[in-house]
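A.B. asks: So the sequence shown is numbered by our numbering: it starts at 11 and just counts up by one.
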Amino acid sequence: LQVIAATVIGGANLAGGMGTAFGAVVGAALIEVIRNSLGLLGINAFWQGTFIGGAILMAVLFDRLRNFRRNE
C-alpha cells in the first residue's frame, strides 16, 4: 500500500500508462515528511495512517478529475 500511495501521490495515472520514477520518489518523500512531522507533533500511529489515507484519497480524486477533463 505504501508503494501504491507513493506512486499515486507522485502523479502516476491509476488508469495506467503514465508515471515517472521521479514522481514516485517525490511521492515517497512526501509521505515520509508527513509521517515524520506528525510523529514529531506527538500524533499516534492511527491518526498518521488516517492523514496518509486522506492524502491518497486527495491524489486519487485529483487523478480522476484530470482524466475526466482530458477525456471530454
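Don't be surprised by glycine CBs; every beta carbon is placed ideally from N, CA and C. Please read these numbers as outputs of a predicted model, since none were measured by experiment.
Would you check if there are 3 or more beta carbon pairs closer than 8 Å linking the stretch 37-46 to the stretch 55-74?
C.D. replies: Contact between the stretch 37-46 and the stretch 55-74 is present, because at least three Cβ pairs lie under 8 Å.
A.B. asks: Are at least three pairs of beta-carbons, each pair with one atom in the stretch 19-35 and one in the stretch 52-60, less than 8 Å apart?
C.D. replies: Not touching, per the Cβ criterion.
A.B. asks: Which of helix, strand or coil does DSSP assign to Asn23?
C.D. replies: Along the sequence shown, read from residue 1 onward, the residue named residue 23 stands at position 13. Correct three-state label for Asn23: coil.
A.B. asks: Locate the alpha helix (DSSP H) running through Ile53, then write down its first and last residues.
C.D. replies: Your numbering for residue 53 matches position 43 in the sequence shown. Here Ile53 belongs to no alpha helix (DSSP H), and DSSP marks it neither H nor E.
A.B. asks: Mind checking Gly20: buried by the 16 CB within 10 Å criterion, or exposed?
C.D. replies: Locating residue 20 in the sequence shown gives position 10, where the first residue counts as 1. Buried, since its Cβ has 16 or more Cβ neighbours within 10 Å.
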